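Quick note: the first sequence uses my numbering, first residue 6, plus one each step.
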Amino acid sequence: MCNGNKLMDIYKLLKNRFGEQNWWPAESEFEMMVGAILTQNVSWNNVEIAIENLKDDEMLDPLAIKNSTLKKIQELIKPTGFYKQKSKRLKRLARAVIENGGLNTLFKKDNLREFLLNVKGIGPETADSIILYAAERPKFVIDSYTKRILKRVMNHEGNYQELQRFFESNLNTDSKLYQEYHALIVELGKTYCKKNPICDSCPLIEICEFGKK
DNA sequence: GTCCGGTGAG
DNA sequence: CTCACGGGAC
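As structure tokens, this is what we get:
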């Protein structure tokens with residue numbers, strides 16, 4: 006049932022079907038961090054529009070965010086929804102980056118995860134996304150898709166921390182593997198393992214506890 | 001548990 | 001029209 010070795014089988018099947026994902030699409034590490042906040046509970050399509058808006062105004066920079074007004078930021082990121090909250094979150098992020106000597110310094114911290122979680126508006130998933138895709142350190146990102154898929158495929162449930170440990174203790178500690186795996190999970194969640202799943206053509210049909218029925 | 005919120009698919 | 005979306009704070 007809770008066989009951790011099955012995790013690599015899942016990974017291989019997903020990779021065979023969907024191929025290389027190459028997340029996170031961004032031109033800079035700070036852009037990745039901004040995207041990580043903007044994508045909270047919002048489809049990536051909306052984030053792309055907001056990122057373009059920010060880019061056009063040369064706002065993908067900590068100092069630019071810090072020196073801009075909340076109102077201006079809200080206009081630019083409106084496509085991502087929750088814009089009043091997210092504009093403040095971007096401000097706090099920018100301030101935290103600046104006050105701690107920039108990203109190069111920040112990403113070397115031993116307590117990077119703790120540091121990020123102390124920025125109001127950055128929770129576990131956003132922090133781990135930044136750690137994995139921007140700082141490129143091996144932290145497995147758990148999201149709602151991961152929870153849903155693990156429950157269906159392996160009948161395995163748990164909170165954020167438990168599921169993260171499940172992946173990290175059963176996989177090689179490999180940033181690239183974690184990056185691709187999480188991206189593949191998201192792709193599966195969007196295309197087949199949806200709320201109303203499409204099981205007949207799912208790449209995991211042969212090994213899925215739920216799909217077998 | 002509830003609220004935040006514009007966008008696109010169906 | 002409804003619904004989910006690469007969550008987090010309270």
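Using N, Cα and C, we set each Cβ at its ideal position, and we do this for glycine too.
Quantities reported herein were computed from a predicted structural model and do not represent experimental measurements.
{"Item": "When the Cα atoms are used, what is the spatial distance from residue 19 to residue 128?", "Value": "27 Å"}
{"Item": "In its own chain, which residues sit with a C-beta less than 8 Å from the C-beta of residue 17, not counting the 5 before and 5 after it?", "Value": "none"}
{"Item": "Just curious, the alpha helix (DSSP H) that residue 35 is in, first and last residue?", "Value": "34-43"}
{"Item": "Decide if residue 115 is buried, meaning its Cβ has at least 16 other Cβ atoms within 10 Å, or exposed.", "Value": "exposed"}
{"Item": "Just to confirm the assignment, what range does the alpha helix (DSSP H) spanning residue 29 have?", "Value": "No alpha helix (DSSP H) contains residue 29, which DSSP labels as neither H nor E."}
{"Item": "Residue 141 to residue 201, Cα distance in whole Å?", "Value": "33 Å"}
{"Item": "Alpha carbon to alpha carbon, how far is residue 103 from residue 188? Give it in angstroms, no decimals.", "Value": "29 Å"}
{"Item": "Would you give the residue range spanned by the alpha helix (DSSP H) that residue 171 belongs to?", "Value": "165-175"}
{"Item": "By Cβ distance, which residues of its chain are closer than 8 Å to residue 82, with the 5 residues on each side in sequence left out?", "Value": "43, 55, 58, 59, 88, 91, 92 and 95"}
{"Item": "Please classify residue 6 as buried or exposed, where buried requires at least 16 other C-beta atoms within 10 Å of its C-beta.", "Value": "At residue 6 the pLDDT is 48, less than 50, meaning the model places this residue with poor confidence; the figure from the coordinates comes in the next sentence. Exposed, by the Cβ-count rule."}
{"Item": "Within this structure, are the beta carbons of residue 71 and residue 99 separated by less than 7 Å?", "Value": "yes"}
{"Item": "What first and last residue would you give for the alpha helix (DSSP H) that runs through residue 134?", "Value": "129-134"}
{"Item": "Pull up the distance between the alpha-carbon of residue 158 and that of residue 22, whole angstroms please.", "Value": "16 Å"}
{"Item": "Where do the N-terminal and C-terminal ends of the alpha helix (DSSP H) with residue 13 fall, by residue?", "Value": "11-23"}
{"Item": "Which of helix, strand or coil does DSSP assign to residue 161?", "Value": "coil"}
{"Item": "Between residue 151 and residue 176, which are expected to be in contact by the criterion C-beta below 8 Å, what is the C-beta distance as a whole number of angstroms?", "Value": "With a Cβ gap of about 13 Å, residue 151 and residue 176 do not count as contacting."}
{"Item": "From the DSSP output, in three-state form, read off residue 6 for me.", "Value": "Its pLDDT being 48, under 50, residue 6 is placed unreliably by the model, and the measurement read from it follows with that caveat. If DSSP states are grouped into helix, strand and coil, residue 6 belongs with coil."}
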